[in-house]
Amino acid sequence: MENLKHRPVRTLLSSAAIGVQVCMILTLVGVSRGMLTDMANRTRGGGADIIIRAPGSAIIGFSTNFSANVLPVVQKMDHVDLATGVLVQPIGGIDSITGIDLDRFSAMSGGFRYLEGAPWTGTQEIVVDEVWAKTKKIKAGDTQNLLNTNWRVAGVVEAGKLSRVFAPLSLLQDLSANTGKLTAIYVKLDDKAHLEPVIAALKDRLTDYRIYSIDEFSSLFSVDNIPMLRQFISVIIGLGLLIGFLVVFLSMYTAVLERTREIGILKALGASPGFIVGILLRETALLALVGSAIGILFTYGTRLLITTLVPNMTQVIVPDWWPIATVIAIVGAMIGAVYPGLKAARQDAIEALSYD
Amino acid sequence: MTEAPIIEIRGLKKVYRAGEVDVQALRGIDLDVGRGEFLAIVGPSGSGKSTLFHILGGLTPPTSGTIHINGRDVMQMTEAGRTAMRRDSVGFVFQKYNLLPTLSAADNIEMARHISGKSGQAPDPWFQDVLKLLGLSDRLHHKPRALSGGEQQRVAIARAIVNHPAILLADEPTGNLDTENSNLVLGILRDLNDRLGQTILMITHNPEAAEYAHRIVRMRDGRIV
């Protein structure tokens, strides 16, 4: 402890660097989980009980479309109170625009709550949610260019219902050359008690279509179901380990050189190599613990930064990952301390004592 | 019956490599040091006295000859054995004090107890008397940079004897001190020897300092003369 206090700048810099490593891991996990949770919540916010998607479609992403002729078939099924189709078109990055039948979608979801403006009445109009409006710094009455088309923002609505940007279904179908196509059908039942039989009947009728209850579909929004996300997180963890290793290696290597004479003194007092390595490892563990605490604090900063700069991205604080990130930091740091520790332990006591 | 010497050296030689050249630092030393003796080894630079100090302290192994310290054969010791000897049987006092700069005087002394596995034990009443003898009782919570040279050397002496070593090795203990502090430190060493029976082997090139010892041994060119 005294050694760490003796070099406060180096201790602070080393801890901060370890903190960056911890923050990087926690932010990535927090953003992944935040985005997935947000998507799941918005899916539930649509008010449907069942979702029907095209055969072969992935859990995340709405790239596969199917014929809108399926919609009347679904609507006529027993216990289906309301069925409404949507078309989803990606508009870059993680964003998409969702074509809806406004009346039917409102009937299913309980309707939008308008914070500004009103529902669309004419063509080439969209409704956006508050998060999108904040991200793009737009308000009702402004113009947005999406899919090479200028849209008038008719209204800004409260977030939480399915998507962030909504357009009239038929217009979006025509603009995106998907006339008569849907990406998904949302189904509301007259009584949720009929959920299982209706899903069974739909699967029987619509062979190969992906049919889920909304609860089941929402639960599929997890890291494991996003292609390559788990691997990406593993790569970031690996990078974190490497950063921790390099930071501590450099820090401890310098510390050992600076403290050559002190190591000689300890050896003269009868300290064994294990005792000397132990001192360095304890200092390293302390650095890693302080760094982890700094990294955890940093994640509140990154959350604030993300919320401010990219409001349509969501980062949650992930306390269940704090111990994992701390262990990763400690392991990386310990590996980094091994060579400097062994160098210190092997130092010749007489040379060390004569070191200035 | 005469008590066996605490240090018994016969035909001790040390050769070390300096670049391409073998340097014969010790060329056959014979020396006995009695238990409770205060011995001064004097000699010019290059006489081999520091090499002898390092071998006696277990900091480097001898090349040949026999050397027994407190009944143990140093020639047969492994590195771990020499480490244990430094921890249990030898206390060092250096010219440059060699206190750990980040620790207070008390913690410097405690470090020696910690290394020897005694840090959890109750304070030694004997050692409290030693601290009074050294005049350190009110300076223990200061870090070395806040202590004078004489005070630092007294802390170094306290650290060296806290574990009751069989031998106290002092290498030019007054080399960095003014006359007043030199006399104070030398007086303390003689007190430790007289009152506590501490065996002391002091290396010095200062004839006045050597006069504080019971016996003076002179070295030149790796031999006792």
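If you read the protein sequences in the order shown, they are chains B and U.
Here the first sequence is numbered in the numbering used here, starting from 1 and rising by one per residue.
Here the second sequence is numbered in the numbering used here, starting from 1 and rising by one per residue.
Using N, Cα and C, we set each Cβ at its ideal position, and we do this for glycine too.
Predicted, not measured: the structure shown is a model, and the values here were computed from it.
| request: Establish whether the CB of B:Glu258 and some CB of chain D are separated by less than 8 Å. | output: Absent from the structure: chain D. Protein chains present are B and U.
- Contact check, U:Lys13 vs U:Arg27 under 8 Å by CB: the rounded distance? For a cut-off of 8 Å, the C-beta gap from U:Lys13 to U:Arg27 is around 6 Å, short enough to register as a contact.
message: As an exercise, report each continuous beta strand (DSSP E) stretch of at least 3 residues that is fully enclosed by the segment 188 to 222 of chain U, in chain order.
response: 199 to 204 and 215 to 220
Considering only their Cβ atoms, is the gap separating U:Asp88 from U:Ser116 smaller than 8 Å? yes
Going by beta carbon distance, what residues of the same chain come within less than 6 Å of U:Phe38, once the five residues before and after it are set aside? Asn193, Ile200, Ala213 and His214
*Would you please verify whether the beta carbon of U:Phe38 is less than 8 Å from any beta carbon of chain B?*
no
Quiz item: Quick one: what's got a C-beta closer than 8 Å to B:Thr126's C-beta in the same chain, skipping five residues either side?
Solution: In the sequence as presented, Thr is not what sits at residue 126 of chain B; that position holds Ile. Within the same chain, B:Ile126 has close Cβ partners Ile97, Trp120, Gln144, Leu146, Trp151, Arg152, Val153, Ala154, Val165, Phe166 and Ala167.
field: Span of the beta strand (DSSP E) around U:Asp32
entry: Element bounds for U:Asp32: Val21 to Val33.
- Task: Inspect the CB distances between the segment 93 to 108 of chain U and the segment 122 to 134 of chain U and report whether three or more fall short of 8 Å.
- Result: The segment 93 to 108 of chain U, when compared against the segment 122 to 134 of chain U, does not touch it at the 8 Å Cβ threshold.
Within chain U, the residues that B:Ile265 reaches when beta carbons sit closer than 7 Å: Asn98 and Leu100
So, are the CB atoms of B:Arg210 and B:Arg53 less than 8 Å apart? yes
Have a look at U:Met1 and U:Leu56 and give me their C-alpha separation to the nearest angstrom.
Low per-residue confidence applies at U:Met1: pLDDT is 45, beneath 50, and the placement is therefore not dependable enough to give any value.
Problem set entry | Proximal residues to B:Leu353 (C-beta, below 6 Å), its chain only, five neighbours per side dropped | Gly264
query: Is B:Thr84 helix, strand or coil when you go by DSSP?
result: Residue state, collapsed to three classes: strand.
Any beta carbon of chain B sitting closer than 8 Å to that of U:Met111? yes
- Item | Extent of the continuous alpha helix (DSSP H) to which U:Ala160 belongs | Gly149 to Ile161
Ignore the nearest five residues each way along the sequence and tell me which others in B:Lys267's own chain have a CB closer than 7 Å to its CB. Take B:Lys267, set aside five residues on each side of it, and the residues of its chain with a beta-carbon closer than 7 Å to its own are Ala349 and Ala352, in chain order.
| request: Express the C-alpha separation of B:Gln89 and B:His6 in angstroms, rounding to a whole number. | output: 59 Å
Worksheet entry | Alpha carbon of B:Gly19 to alpha carbon of B:Leu287, nearest angstrom | 10 Å
Q.
Short of 8 Å Cβ to Cβ, which residues in the segment 40 to 73 of chain U face chain B?
A. Residues passing the 8 Å Cβ filter: His54, Gly57, Leu59 and Thr60.
Bridge partner(s) assigned by DSSP for B:Asp129 | B:Val157
Ordered along the chain, which non-local residues of its own chain (more than five positions away) have a Cβ less than 8 Å from that of B:Leu189?
Asp49, Ile50, His79, Val80, Asp81, Leu195 and Val198
Task: Closest Cα partner of B:Leu175 within the set B:Ser219, B:Ile91, B:Pro340 and B:Leu289 - done: B:Ile91
Is U:Asn181 helix, strand or coil when you go by DSSP?
-> helix
Can you check the segment 135 to 216 of chain B for any beta strand (DSSP E) of at least 3 residues that lies completely inside it and give the ranges in chain order? 143 to 146, 149 to 157, 165 to 168, 184 to 189 and 210 to 213
Can you tell me which of the three DSSP states B:Glu262 falls into? Helix at B:Glu262.
Do the CB positions of B:Leu289 and B:Thr326 come within less than 8 Å of each other?
-> yes
### Query
Which two residues bound the contiguous alpha helix (DSSP H) that contains B:Ser292?
Pro273 to Leu309
*Could you name the residues of the segment 262 to 289 of chain B whose beta carbon sits closer than 9 Å to any beta carbon of chain U, in the order they occur along the chain?*
Glu262, Gly264, Ile265, Leu266, Lys267, Ala268, Leu269, Gly270, Ala271, Ser272, Pro273 and Phe275
CA-CA distance, B:Arg104 and B:Trp132?
23 Å
Check: So U:Val155 packs on U:Asn98, CB below 8 Å; how close in whole Å?
Finding: With 8 Å as the limit, U:Val155 and U:Asn98 do not qualify as a contact, their Cβ atoms being about 10 Å apart.
| query | If you check the beta carbons only, do U:Arg218 and U:Gly34 fall under 8 Å apart? | reply | Not closer than 8 Å, so no.
Would you give the residue range spanned by the beta strand (DSSP E) that B:Ser96 belongs to?
Ser96 to Ile100
**Asked** What alpha helix (DSSP H) runs, 4 residues minimum, are completely inside the segment 29 to 82 of chain U?
**Response** 49 to 56
**Asked** If you measure from the beta carbon of B:Leu353 to each beta carbon in chain U, is any gap under 8 Å?
**Response** For B:Leu353, the answer is yes, since a Cβ of chain U falls inside 8 Å of its Cβ.
**Item:** CB contact below 8 Å: B:Ala337 versus chain U
**Value:** no
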